[in-house]
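Asker:
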Amino acid sequence: MNLQIFGTKKCKDTKKAQLFFQERRVNFQFINLQEKEMSKGELRSILGSVSLDDLVDTESKVYEDKNLKYMLYDKEEALLTNPLLFKTPIVRDGKRATIGFVPDVWKQWILESKK
Numbered sequence: 168m169n170l171q172i173f174g175t176k177k178c179k180d181t182k183k184a185q186l187f188f189q190e191r192r193v194n195f196q197f198i199n200l201q202e203k204e205m206s207k208g209e210l211r212s213i214l215g216s217v218s219l220d221d222l223v224d225t226e227s228k229v230y231e232d233k234n235l236k237y238m239l240y241d242k243e244e245a246l247l248t249n250p251l252l253f254k255t256p257i258v259r260d261g262k263r264a265t266i267g268f269v270p271d272v273w274k275q276w277i278l279e280s281k282k
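The opening position of the sequence shown corresponds to residue 168 in the numbering used here, with each subsequent residue numbered one higher.
#1: Could you tell me which residues DSSP pairs with Gly267 in its beta bridges?
#2: Taking the C-alpha atoms as reference points, what is the distance between Val272 and Gly261?
#3: Under 8 Å between the Cβ atoms of Ala264 and Val223?
#4: Thinking C-beta only, is Phe187 closer than 8 Å to Thr255?
#5: Would you tell me roughly how many angstroms separate the C-alpha atoms of Asn199 and Thr248, rounded to the nearest one?
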């Protein structure tokens, strides 16, 4: 497995995701979206598993501050330039990705990696 967890240190679900993998001794790379933006290639890889609409956190402070609810905008560009617009955590294993805390999916990934 080549896991990446995209999130923020303040996000409770991101912390729960990290703990989930730590308890199972699965190595992962944590990418703090407050410090590092997601690359276009990383985003495109994630979009193979989840929709662009699902990635936008419509309840985030950034979404509210920028009044995106009332605007037409390029979602991909907005996410790449405002990484705090992402719903978190985003857990990526190669071409597979999830949004939020979904331990049932991650358990399946771990099982598949042991075969």
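Just so you know, even glycine gets a beta-carbon here, dropped at the ideal spot from N, CA and C.
None of these values were measured; they are calculated from a predicted model.
Answerer: Taking the coordinates as given:
#1: Here the question's residue 267 lines up with position 100 in the sequence shown. In the DSSP secondary-structure assignment, Gly267 is not bridged to any residue.
#2: Counting from one through the sequence shown, the residue named residue 272 turns up at place 105. Counting from one through the sequence shown, the residue named residue 261 turns up at place 94. Using only the alpha carbons, I get a separation of about 14 Å.
#3: The sequence position of residue 264 within the sequence shown is 97, counting from 1. The sequence position of residue 223 within the sequence shown is 56, counting from 1. Not a contact, by the Cβ cut-off of 8 Å.
#4: Residue numbering aside, residue 255 sits at position 88 when the sequence shown is read from its first letter. Residue numbering aside, residue 187 sits at position 20 when the sequence shown is read from its first letter. Result no, Cβ atoms of Thr255 and Phe187 do not sit closer than 8 Å.
#5: In the sequence shown, residue 199 corresponds to position 32, counting from 1. In the sequence shown, residue 248 corresponds to position 81, counting from 1. Distance between the alpha carbons of Asn199 and Thr248: 15 Å.
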